[in-house]
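In my numbering, the protein residues as written are 3 to 196.
We put the CB at the ideal spot given by N, CA and C, even for glycine.
All values derive from a computational prediction rather than experimental measurement.
Take a look at the structure below.
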Amino acid sequence: MIKHKGQYPILLAITGASGSIYSLKLIEILKDLGQEIHLIVSRTGEQVSRIEIKEDGFQTMIRAAHKVYSPDNLASAPASGSSKWKAMIIIPCTMGTMASRAHGFSQNLIHRAADCFLKERRTLILVPRETPLNRIHLQNMLLAEKAGAVIYPAMPSFYYQPGNIDEMASFFAGRLAEFMGLEVEGLKRWHGID
Numbered sequence: 003m004i005k006h007k008g009q010y011p012i013l014l015a016i017t018g019a020s021g022s023i024y025s026l027k028l029i030e031i032l033k034d035l036g037q038e039i040h041l042i043v044s045r046t047g048e049q050v051s052r053i054e055i056k057e058d059g060f061q062t063m064i065r066a067a068h069k070v071y072s073p074d075n076l077a078s079a080p081a082s083g084s085s086k087w088k089a090m091i092i093i094p095c096t097m098g099t100m101a102s103r104a105h106g107f108s109q110n111l112i113h114r115a116a117d118c119f120l121k122e123r124r125t126l127i128l129v130p131r132e133t134p135l136n137r138i139h140l141q142n143m144l145l146a147e148k149a150g151a152v153i154y155p156a157m158p159s160f161y162y163q164p165g166n167i168d169e170m171a172s173f174f175a176g177r178l179a180e181f182m183g184l185e186v187e188g189l190k191r192w193h194g195i196d
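Spelled out as structure tokens, the structure:
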């Protein structure tokens, strides 16, 4: 799946959808794997994160990042297709950000960076966390996928019987990291029913 297997950084973007715990757990896993993390957090993403994972969780994400970009700085590295990245993950991805990818408009650095990933044919993973989905949401997801994005909904698994929300979010983040071609030790696997 990953086209750039070198030591390029992973660009992570956090928007204002609910699901900041997924961002936090993914960042923790990437940090444990020694991945360089560059981060963009939208204004609403920051507000929602501070509510959902509290100030400590938000600061953990900021401290784990090697570089944090302002969502308003369209002159920063992620705004150019010449910058090199392993992948970009928007987690959680609002339906507004999904619409921006489906229809090609850019209002901030997250949108512009994602646009660069699509035009350069690089790995862009969108993690929507919305329910219920209306027809426009579904059409926008299909259009974004047709444009080259991977739609990876925040849908947790239960076969491994998670004991709490933390375990559930960690498992989802681990699966997402493995989808990007990384090896996550200790991830519970399905071995079938005998």
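In this structure, residue 96 sits away from residue 146, with a CB-CB distance that is not shorter than 8 Å. Here DSSP, grouped into helix, strand and coil, assigns residue 55 to coil. The C-alpha of residue 26 lies about 18 Å from the C-alpha of residue 187. In terms of Cβ geometry, residue 12 and residue 38 form a close pair [threshold 8 Å].
Taking 8 Å as the cut-off, the beta carbon of residue 79 is found closer than this to the beta carbon of residue 85. Going by DSSP, residue 157 is part of no beta strand (DSSP E) at all; its letter is neither H nor E.
Pairwise C-beta distances place the region 121–137 in contact with the region 89–106, as three or more of them are shorter than 8 Å. With a 10 Å radius around the Cβ and a threshold of 16 neighbouring Cβ atoms, residue 115 comes out buried. Shown here, residue 111 sits in a helix according to DSSP, grouped into three states. The three-state reading of DSSP puts residue 193 in coil, since its state is none of H, G, I, E or B. Judged by DSSP in its simplified three-state form, residue 14 adopts strand. Scanning its chain for C-beta atoms nearer than 8 Å, with the 5 sequence neighbours on each side dropped, one finds around residue 161 the residues 192, in chain order.
Excluding the 5 residues flanking it on each side, residue 155 has same chain C-beta neighbours closer than 8 Å at 129, 130, 131, in chain order. Contact annotation, residue 111 with residue 140: C-beta distance approximately 27 Å; criterion of less than 8 Å not satisfied.
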